[in-house]
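The opening residue of the sequence shown carries number 8 in the numbering used here; numbering runs sequentially from there. Beta carbons: idealized from backbone N, C-alpha and C, even for Gly. Every value quoted in this text rests on a predicted model; they were computed, and no experiment measured them. The structure appears right after this line, and notes come after that.
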Amino acid sequence: MASRTVAVPHAIASCFTPEVAFYSPRVLIFKSEGRMRQIYFLLMIIGAAFPLYFFCLFLIENGFNSALFFEHLFANNISRFFAADVAISALVLIIFIIHQSRKLKMPSGYYALIGLAAGVSFALPLFLYLREGHIEKMSIRAEL
8 MASRTVAVPH AIASCFTPEV AFYSPRVLIF KSEGRMRQIY FLLMIIGAAF
58 PLYFFCLFLI ENGFNSALFF EHLFANNISR FFAADVAISA LVLIIFIIHQ
108 SRKLKMPSGY YALIGLAAGV SFALPLFLYL REGHIEKMSI RAEL
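Shown next as structure tokens:
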């Protein structure tokens, strides 16, 4: 059975971001043209800058005092909630990175595990940035 593609009218295509390349009866095909990589890169910078800013304020005020750090981290129920949430998110992210890196045969994905030292909010966009680049390279190779 032959595949059929139909151009999407501009009025419909303009409703989507990134731009819709064409419509087939079953799938909308998108052209991201690297837009998601740019978004992930921006989120990676934000995800490093904001949390590390507050960590640096702590270091300036208290020095590298690990006992005080953990005392503040678990000072009350709300801070324990956030600590537990981030710890579980980090565990889920580790499993996700390992699984996706193996599935996509993407050795650069493991660099995101090192990014966990800066935080989950940095490591997740870093991995997504690396994965998007890997997928783009794979699609270019497939076209050749």
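Beyond the five residues adjoining it in sequence on each side, Pro132 comes within less than 7 Å, by CB distance, of Tyr47, Leu50, Met51, Gly54 in the same chain, given in chain order.
The C-beta separation of Gly122 from Arg44 comes to about 16 Å, leaving the pair out of contact by the 8 Å criterion.
When DSSP states are grouped into helix, strand and coil, Phe89 belongs to the helix group. Closest option to Gln107, judged by alpha-carbon separation, among Ile85, Ile142, Ser96: Ile142. Residue range 42-69 is occupied by the alpha helix (DSSP H) that includes Phe62. For Gly140, the uninterrupted alpha helix (DSSP H) run begins and ends at 127-150, by DSSP. Counted as a single uninterrupted DSSP element, the alpha helix (DSSP H) harbouring Ala119 occupies residues 118-122. Taken through DSSP and simplified to helix, strand or coil, Phe81 comes out as coil. DSSP, read as helix, strand or coil, puts Lys112 in coil.
Distance from the Cα of Ala124 is smallest, within the candidate group Arg109, Gly41, Arg148, Val93, for Val93. Taking the Cα of Leu137 as reference, the smallest distance to any Cα among Lys112, Asn72, Leu151 is reached at Lys112. Taking the Cα positions, Gly70 is about 9 Å away from Cys63.
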